[in-house]
Every structure is written in structure tokens, then in C-alpha cells.
Amino acid sequence: MLETSARLLKLLSLLQAHREWSGPELASRLGVSTRTIRNDVERLRTLGYPVHATPGVAGGYRLGAGAALPPLLLDDEEAVAVAVGLGRAAGGGVEGIEETSVRALAKLEQVLPARLRRRVQALNSYTVQAPYRMPDGPAVPPELLTTIANAARDHERLRFDYTGHDGDDTVRDVEPHRLVHRRGRWYLVAYDVERRDWRTFRVDRVRPRTPGGPRFGPRELPADGDVAAYVERGVSTAMVRHRATLLVHAPAGRLGYLARFGMEARPRDEASCLVEVGGDDLEGLAVWVGFIREDFEVLDPPELAEAVGRLAERYRRAAGGRSGPGERPGPDHGL
């Protein structure tokens with residue numbers, strides 16, 4: 001059984017790590033009785049920690065927001081991860097995060113043991129982060145991100161005004177699932193209650209309304225739960241001028257690498273599959289489909305098939321192939 005002081009620290013750590021615990025859960029984790037848990041909670045309250053208790057079968061304990069930030073209890077690996085994350089945060093995407101991160105990192109380094117401080121300094125000194133951010137990627141206020149993240153964590157519906165890419169304003173009622181940072185922009189993946197389907201929202205276009213909505217039960221995200229792939233696929237095809245369908249002469253299982261580009265191969269039969277692609281420029285799209293490592297046909301549109309044909313002729317000439325009738329001859333490599 002843990003000594004009282006060590007047990008209080010462990011109890012505080014558990015309360016910080018989880019939204020809410022039942023008395024029996026805490027007692028099981030600490031190896032004590034529920035009566036001891038009640039006494040320890042009172043000790044924490046005496047020390048100034050706002051621990052709230054909800055009576056009843058579905059009740060439990062949770063750490064509330066106090067007038068002062070309680071000390072975080074981090075193990076070695078957690079402390080290093082937080083410090084390194086703060087060191088990388090200057091790279092951005094969150095409004096005002098650079099200065100705030102520097103202040104937080106300075107405070108954290110003051111209390112790190114020397115052995116951990118050396119690890120953090122080595123990682124930050126000998127790691128280079130290549131910036132990859134869209135020039136027009138808008139910064140998002142930290143409080144907006146925390147509002148959305150808290151709603152997702154607590155399974156609470158979120159109501160907000162949203163400006164679409166066409167400039168129209170709508171009111172959305174959603175069940176927030178995850179936040180995704182992609183190429184300088186923040187996106188919210190959520191289940192739209194009114195439309196009864198999953199949607200991806202640009203966070204910089206979100207204006208939350210208060211109060212929010214009721215609690216909800218978590219749903220299973222499509223695309224095998226891969227949130228990043230879901231956002232990549234949605235964003236890549238949402239606002240493109242040209243969409244095309246390819247028939248690939250290979251089983252869908254051999255095209256798993258397309259997921260990294262936000263694309264999905266849909267089985268047609270045992271030996272072929274369909275792939276949908278999109279882009280703003282047909283010539284550029286013709287180049288992109290060339291990355292598919294299997295034989296394929298362009299089913300539609302015919303304009304893409306023509307662009308692929310023109311590109312194939314250029315490649316054949318570049319490789320020194322023979323030209324067809326009426327075409328410019330290839331280079332003469334004879335001596």
C-alpha cells in the first residue's frame with residue numbers, strides 16, 4: 001500500500017489523466033478502499049485542488065478548473081515529449097503560439113532534472129524541422145482549438161456558425177471527433193447531426209455558439225478510422241475542377257500505397273479496381289496518374305484520356321522512340 005503522500009500524488013495524477021473516475025476505479029488503481037479514496041479527496045481539497053464529486057451509481061470524481069493551475073505530474077518520457085513539443089510549436093499554425101511556447105518551455109526547463117534537460121536540449125539542438133506550410137494558411141486562436149478539443153474529449157455536441165468555401169453562412173450542430181493539422185490549416189472532422197453524415201470543416205471558418213449541445217455516444221469514423229486519410233481524401237477532392245475515374249488492371253489490395261495521397265481503390269472484380277482522382281489542371285492530372293504502378297484505363301472524362309495520350313507521346317519521344325505518321329521524328333542517335 002502506498003504511503004499517504006505518495007498516494008495523494010498518484011491520485012492527483014490519475015485525476016489529471018482522465019475526465020472522470022468512479023470511486024471503485026480509483027480504489028482499484030491505488031489498492032485501497034473507497035473510504036480511503038474519499039478521505040484522500042478531502043485532503044486534496046484542503047490543499048486547494050478543486051475535486052468535484054457526483055453522487056449516485058453513475059457518479060464519480062473529476063478535477064475541476066481552479067483559481068490556480070495545479071502542478072502537472074509527468075513521468076520522464078512525458079516531460080521530454082512536452083518539452084520537445086513546445087520547442088517545435090514555434091513552427092506554427094496556431095495564432096500567438098510562438099511566444100507562448102517559449103514562455104512555457106522556459107518554465108518547464110527550470111524544473112526539469114539535469115538528466116532530462118540534457119535530453120531535451122540535445123533533441124532540440126540536433127533536430128531540424130523543415131517548414132511545410134501553405135503561404136495563406138490562416139492562424140487559428142488557441143482558445144478555439146481548445147474549445148473544439150474539449151468538446152470532442154467530453155463527447156459534447158458543438159454548435160457553431162460556419163462560412164463555406166462559397167461564402168454562405170450556415171449554423172451547424174455536430175458531434176466533434178478529431179482535429180487534424182494539414183499543410184498549414186486546421187480541420188475538424190465531425191458528424192453533422194442535421195445532415196446525418198460525416199463532414200470536414202475548416203477551423204478558421206468556425207465560430208462556436210454557447211452553450212453547446214448535449215452529450216453523445218462516440219461513432220465509428222469511415223475509412224477504417226484513419227482520420228488523416230479521411231481529411232486528405234476530402235480536402236483533395238472537395239474543390240477541384242476536374243474529376244476522373246480510372247480502371248486499374250490490378251486487385252485493389254496492390255494499390256494500398258495510394259492511401260498516402262488520400263486516394264482509395266475500390267474493388268471491381270478479383271483482377272481490377274476503380275480509382276477516382278481529381279485536379280485543377282488536366283495536364284498535371286495526367287502526370288499524377290502516371291504514379292500508379294499498374295496498367296490502367298481512363299474511363300472518364302475523355303479530355304484526360306487525350307492528355308494522357310499526349311504525355312505518352314512526349315515521353316516516348318524523350319526516350320528516343322520512333323514517331324508515328326505525321327509526327328516529328330525522334331532524335332538520330334546514329335554515328
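FYI, UniProt numbering numbers position 113 of the sequence shown as 113, with every residue one higher than the one before it.
All C-beta atoms, glycine included, are put in the ideal place defined by N, C-alpha and C.
Original post:
Where do the N-terminal and C-terminal ends of the alpha helix (DSSP H) with residue 146 fall, by residue?
Top reply: Translated into the one-based positions of the sequence shown, residue 146 becomes position 146. Element bounds for residue 146: 142 to 153.
Original post:
What is the C-beta distance between residue 190 and residue 199, in whole angstroms, given that I count them as a contact (C-beta under 8 Å)?
Top reply: As a first step, residue 190 is located in the sequence shown; it is residue number 190 there, counting from the start. As a first step, residue 199 is located in the sequence shown; it is residue number 199 there, counting from the start. Rounded, the Cβ-Cβ distance is 6 Å, consistent with contact.
Original post:
Are residue 289 and residue 244 close, meaning C-beta to C-beta below 9 Å?
Top reply: Counting from one through the sequence shown, the residue named residue 289 turns up at place 289. Counting from one through the sequence shown, the residue named residue 244 turns up at place 244. Cβ distance < 9 Å, so residue 289 and residue 244 count as in contact.
Original post:
Helix, strand or coil for residue 315 per DSSP?
Top reply: Counting from one through the sequence shown, the residue named residue 315 turns up at place 315. Note: residue 315 maps to helix in three-state DSSP.
Original post:
In three-state terms, what does DSSP make of residue 14?
Top reply: The residue given as residue 14 occupies position 14 in the sequence shown. Residue 14 falls in the helix class under three-state DSSP.
Subject >> Cβ-Cβ distance between residue 246 and residue 299 below 9 Å >> reply: For the purposes of this step, residue 246 is taken as the residue at position 246 of the sequence shown. For the purposes of this step, residue 299 is taken as the residue at position 299 of the sequence shown. Taking 9 Å as the Cβ cut-off, residue 246 and residue 299 qualify as a contacting pair.
Original post:
Residue ranges of each beta strand (DSSP E) run of no fewer than 3 residues wholly in the segment 155 to 188, ordered along the chain?
Top reply: 158 to 163, 169 to 182
Original post:
Using a Cβ-Cβ cut-off of 7 Å (strictly less than) and excluding sequence neighbours within five positions of residue 175, which residues of its own chain qualify?
Top reply: As a working mapping, residue 175 is identified with position 175 in the sequence shown. Excluding residues within five positions, the ones whose Cβ falls inside 7 Å are 157, 190, 191, 193, 216, 219.
Subject >> Limits of the unbroken beta strand (DSSP E) element including residue 53 >> reply: Taking the sequence shown and counting its residues from 1, the one referred to as residue 53 is at position 53. Segment 51 to 54, the beta strand (DSSP E) holding residue 53.
Original post:
What did DSSP end up calling residue 24 once you bin it into helix, strand or coil?
Top reply: For the purposes of this step, residue 24 is taken as the residue at position 24 of the sequence shown. Residue state, collapsed to three classes: helix.
Subject >> Among 270, 149, 205, the one whose alpha carbon lies nearest that of residue 160 >> reply: Residue numbering aside, residue 160 sits at position 160 when the sequence shown is read from its first letter. Among 270, 149, 205, the Cα nearest to that of residue 160 is on 205.
Original post:
How many angstroms separate the CA atom of residue 104 from the CA atom of residue 23?
Top reply: Start at 1 with the first residue of the sequence shown, and residue 104 comes out as number 104. Start at 1 with the first residue of the sequence shown, and residue 23 comes out as number 23. Near 34 Å, if we compare the C-alpha coordinates of residue 23 and residue 104.
**OP:** Please look up how many angstroms separate the CB atoms of residue 12 and residue 49, rounded, as I've assumed it's under 8 Å.
**Re:** Residue 12 sits at position 12 when you count from the first residue of the sequence shown. Residue 49 sits at position 49 when you count from the first residue of the sequence shown. With a Cβ gap of about 7 Å, residue 12 and residue 49 count as contacting.
Original post:
Closest to residue 177 by CA distance: which of 152, 163, 185, 162 is it?
Top reply: One-based indexing of the sequence shown puts residue 177 at position 177. The shortest Cα separation from residue 177 among 152, 163, 185, 162 belongs to 152.
Subject >> Residue closest to residue 302, alpha-carbon to alpha-carbon, out of 80, 79, 242 >> reply: For this step, residue 302 is matched to residue 302 along the sequence shown. Minimum Cα distance to residue 302 is reached at 242.
**OP:** Apply the 10 Å Cβ neighbour rule to residue 304 and answer buried if 16 or more other Cβ atoms are within range, or exposed otherwise.
**Re:** Here the question's residue 304 lines up with position 304 in the sequence shown. With 16 or more Cβ atoms within 10 Å of its Cβ, residue 304 is classed as buried.
Original post:
Going by alpha carbons, who is nearest to residue 207 out of 150, 112, 141?
Top reply: Translated into the one-based positions of the sequence shown, residue 207 becomes position 207. Nearest of 150, 112, 141 to residue 207, Cα basis: 141.
**OP:** Within the same chain, show all residues whose beta-carbon is closer than 8 Å to that of residue 155, passing over the 5 residues directly before and after it, in chain order.
**Re:** Working through the sequence shown from its first residue, we reach residue 155 at position 155. The answer, listed in chain order, is 175, 215, 216, 217, 218.
Subject >> Local conformation of residue 67 per DSSP, three classes >> reply: Stepping through the sequence shown from its first residue, residue 67 is reached at position 67. Because residue 67 sits at a pLDDT of 45, beneath the cut-off of 50, its placement in the model cannot be relied upon, and the point is left open.
Original post:
Taking DSSP as the reference, what is the three-state secondary structure of residue 244?
Top reply: In the sequence shown, counting from the first residue as 1, residue 244 sits at position 244. Three-state DSSP puts residue 244 in a strand.
Original post:
Rounded to a whole number of angstroms, what is the C-alpha to C-alpha distance between residue 170 and residue 291?
Top reply: Residue mapping note: residue 170 aligns to position 170 of the sequence shown, counting from 1. Residue mapping note: residue 291 aligns to position 291 of the sequence shown, counting from 1. Cα-Cα distance, rounded: 39 Å.
**OP:** Please state if the CB of residue 202 and the CB of residue 187 are separated by a distance shorter than 9 Å.
**Re:** The sequence position of residue 187 within the sequence shown is 187, counting from 1. The sequence position of residue 202 within the sequence shown is 202, counting from 1. In this structure, residue 202 lies closer than 9 Å to residue 187 by Cβ.
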